[in-house]
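The block underneath contains the structure these notes are about, expressed in structure tokens.
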Amino acid sequence: MTILLTPRLRLEPLSDQHFEPLHALNSLPEVMRYITGKPNTPEDTQRMIDRANDRWPKYGFSWWAWIDRERDQFVGTGCIQHLGWDPDNPLEIGWRLHPAHWRKGYASEAAQAMAAFAFDDQHAPVLRAICHPDNTASAAVMKRLGMHACGVERWYDMEVAAYEMSADAWRQRHF
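Yeah, the sequence shown ends on 1277 if you go by this note's numbering, and it's all consecutive.
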């Protein structure tokens, strides 16, 4: 399982050891507002970890816990996964961050590392991202990553703003 390092973060595969901070994050209404619309139960959080534990060996990617390297503190989580959890769909990049760490650049920093992993290690031809149409902060991270808007689509039983970037566009931007 892959650990990614950025200047400030260590992205380590999400596991049972992250249950407490992940559940604390997923329990915050302001975090889940644009994801499910309601805080997660402990069972929801455990299912998320169980899916990650299943997918890492199966696909070689899933959810990472984002750890502040200086403080050794959980600040958020992000993923590379198949959009809609279907292995026939393109890869999706996603994230959620504790509000105490909003507007510090962590999401963009981690998204850069995860996108590089998707394109360089997993050889993804395209990377997709989705967010609630009102989630302007997440959309801004997608745009900073170099993604372009594709319109409104239906994923995970909701209407979402969809973004994407091709591997060629990634390479032109980063090389």
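Backbone N, C-alpha and C fix where the C-beta goes; we use that ideal spot for every residue, glycine too. Keep in mind that this is a model prediction, so the values were computed, not measured.
So, at 7 Å on beta carbons, what are the nonlocal neighbours of residue i in its own chain, with the 5 sequence-adjacent residues on each side left out?
{"i": "glutamate 1114", "result": "Ile1105, Trp1166, Ala1167 and Ile1169"}
{"i": "serine 1129", "result": "Pro1141 and Asn1142"}
{"i": "methionine 1103", "result": "Pro1115 and Trp1158"}
{"i": "methionine 1249", "result": "Ala1231, Tyr1265, Glu1266 and Met1267"}
In chain order, what residues of the same chain have a beta carbon less than 8 Å from the beta carbon of residue i, not counting five sequence neighbours either side?
{"i": "histidine 1184", "result": "Tyr1161, Asp1190, Asn1191, Pro1192, Leu1193 and Glu1194"}
{"i": "tryptophan 1204", "result": "Ala1239"}
{"i": "glutamine 1224", "result": "Gly1162, Phe1163, Ile1182 and Leu1193"}
{"i": "proline 1131", "result": "Lys1140 and Pro1141"}
Using a Cβ-Cβ cut-off of 6 Å (strictly less than) and excluding sequence neighbours within five positions of residue i, which residues of its own chain qualify?
{"i": "tryptophan 1187", "result": "none"}
{"i": "alanine 1269", "result": "Phe1221 and Pro1227"}
{"i": "alanine 1251", "result": "Tyr1265"}
{"i": "asparagine 1237", "result": "Tyr1136"}
{"i": "tyrosine 1258", "result": "none"}
{"i": "alanine 1315", "result": "Examination of residue 1315 is not possible in this model, given that the chain is present from 1103 through 1277 alone."}
{"i": "proline 1235", "result": "Ala1263"}
{"i": "aspartate 1146", "result": "none"}
Beta-carbon separation of residue i and residue j under 9 Å?
{"i": "histidine 1125", "j": "proline 1144", "result": "yes"}
{"i": "threonine 1179", "j": "arginine 1157", "result": "no"}
{"i": "glutamate 1255", "j": "arginine 1110", "result": "no"}
{"i": "cysteine 1181", "j": "alanine 1154", "result": "yes"}
{"i": "leucine 1127", "j": "histidine 1200", "result": "yes"}
Taking the beta carbon of residue i as the centre, do at least 16 other beta carbons fall within 10 Å, making it buried, or is it exposed?
{"i": "valine 1133", "result": "buried"}
{"i": "valine 1177", "result": "buried"}
{"i": "alanine 1202", "result": "exposed"}
Considering Cα atoms alone, identify which of the options is closest to residue i.
{"i": "glutamine 1274", "options": "Ala1218, His1200 and Glu1255", "result": "Ala1218"}
{"i": "alanine 1271", "options": "Pro1201, Met1260 and Leu1247", "result": "Leu1247"}
{"i": "glutamine 1148", "options": "Ser1164, Asp1174, Asp1118 and Phe1163", "result": "Asp1118"}
{"i": "glutamate 1172", "options": "Gly1207, Arg1112 and Pro1123", "result": "Arg1112"}
{"i": "aspartate 1174", "options": "Ile1151, Leu1107, Met1260 and Asp1152", "result": "Leu1107"}
{"i": "methionine 1260", "options": "Thr1138, Ile1151 and Glu1122", "result": "Thr1138"}
Consider the C-beta atom of residue i and the heavy atoms of the ligand NAD; say whether any pair is separated by less than 8 Å.
{"i": "aspartate 1146", "result": "No copy of the ligand NAD appears in this structure; indeed no ligand is present at all."}
Closer than 8 Å is the cut-off here; do at least three beta carbon pairs connect the region 1225-1233 with the region 1244-1264?
Counting Cβ pairs under 8 Å, three or more are found: they touch.
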